Amino acid sequence: MQNGTFEELKIIELKLYSVLEYTWGDDQVRFELYPESDGCRLVLIVKINKITSHTPKDLAGWHVCLNLIQALLDEQSFGSRKNEWEKWYKEYAQSIDKLNKS
0 MQNGTFEELK IIELKLYSVL EYTWGDDQVR FELYPESDGC RLVLIVKINK
50 ITSHTPKDLA GWHVCLNLIQ ALLDEQSFGS RKNEWEKWYK EYAQSIDKLN
100 KS
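FYI, in numbering that gives the first Met the number 0 the residues of the sequence shown are 0 to 101.
1) With a Cβ-Cβ cutoff of 9 Å, do L41 and E31 count as a contact?
2) According to DSSP, is G24 helix, strand or coil?
3) Return the chain-ordered list of same chain residues with a C-beta closer than 7 Å to the C-beta of I95, the five sequence neighbours on each side being excluded.
4) Helix, strand or coil: which one does DSSP assign to L15?
5) Roughly how many angstroms separate the alpha carbons of K46 and W87, rounded to a whole number?
6) Mind checking whether W23 and D73 have CB atoms under 9 Å apart?
7) Going by beta carbon distance, what residues of the same chain come within less than 7 Å of D26, once the five residues before and after it are set aside?
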C-alpha cells in the first residue's frame, strides 16, 4: 500500500516453506527460510532497481519488521514501531545521501 492505493504484486518464485519472491513496484523482495538445528534462519533480500526518495522509508520499514519478528520470536516487548521507524529512517536517509554524494 502506498499513498492509500494498493500495488499489484507479482509472485516470481514460491517454494512451500522455503522461498517467497515477488515484485514490489520496480523492485523485488525475496524471503528465504533455511532449516537450522533450533528452528530456521530467515533471509530477506531486497533488489532495488533505482534509489528514490522513498527508498530510505522502505529500508527503515523492512528493518523494523525484521526487528519486530525477532522480538516476537524471543517473546520480548518491542515498544513503539513508529519511534523505531523514525530512528532507522534517519540512518538510512543519511547513508543514501552519502552514497549519492560519492
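Beta carbons are placed, not taken as given, at the ideal position from N, Cα and C, and that holds for glycine.
Please read these numbers as outputs of a predicted model, since none were measured by experiment.
Looking at the coordinates:
1) Stepping through the sequence shown from its first residue, residue 41 is reached at position 42. Stepping through the sequence shown from its first residue, residue 31 is reached at position 32. Yes. Within cutoff.
2) Here residue 24 refers to the residue found at position 25 when the sequence shown is read from its first residue. Correct three-state label for G24: coil.
3) Within the sequence shown, numbered from 1, the residue matching residue 95 stands at position 96. Excluding sequence neighbours, I95 sits near I50, T54 and P55.
4) Translated into the one-based positions of the sequence shown, residue 15 becomes position 16. L15 falls in the coil class under three-state DSSP.
5) Translated into positions along the sequence shown, residue 46 becomes position 47. Translated into positions along the sequence shown, residue 87 becomes position 88. Whole-angstrom Cα-Cα distance: 19 Å.
6) Counted from its first residue, the sequence shown places residue 23 at position 24. Counted from its first residue, the sequence shown places residue 73 at position 74. Their beta carbons are not under 9 Å apart, which means W23 does not touch D73 by this criterion.
7) Counting from one through the sequence shown, the residue named residue 26 turns up at place 27. Result list for D26: V45, K46, I47 and N48, in chain order.
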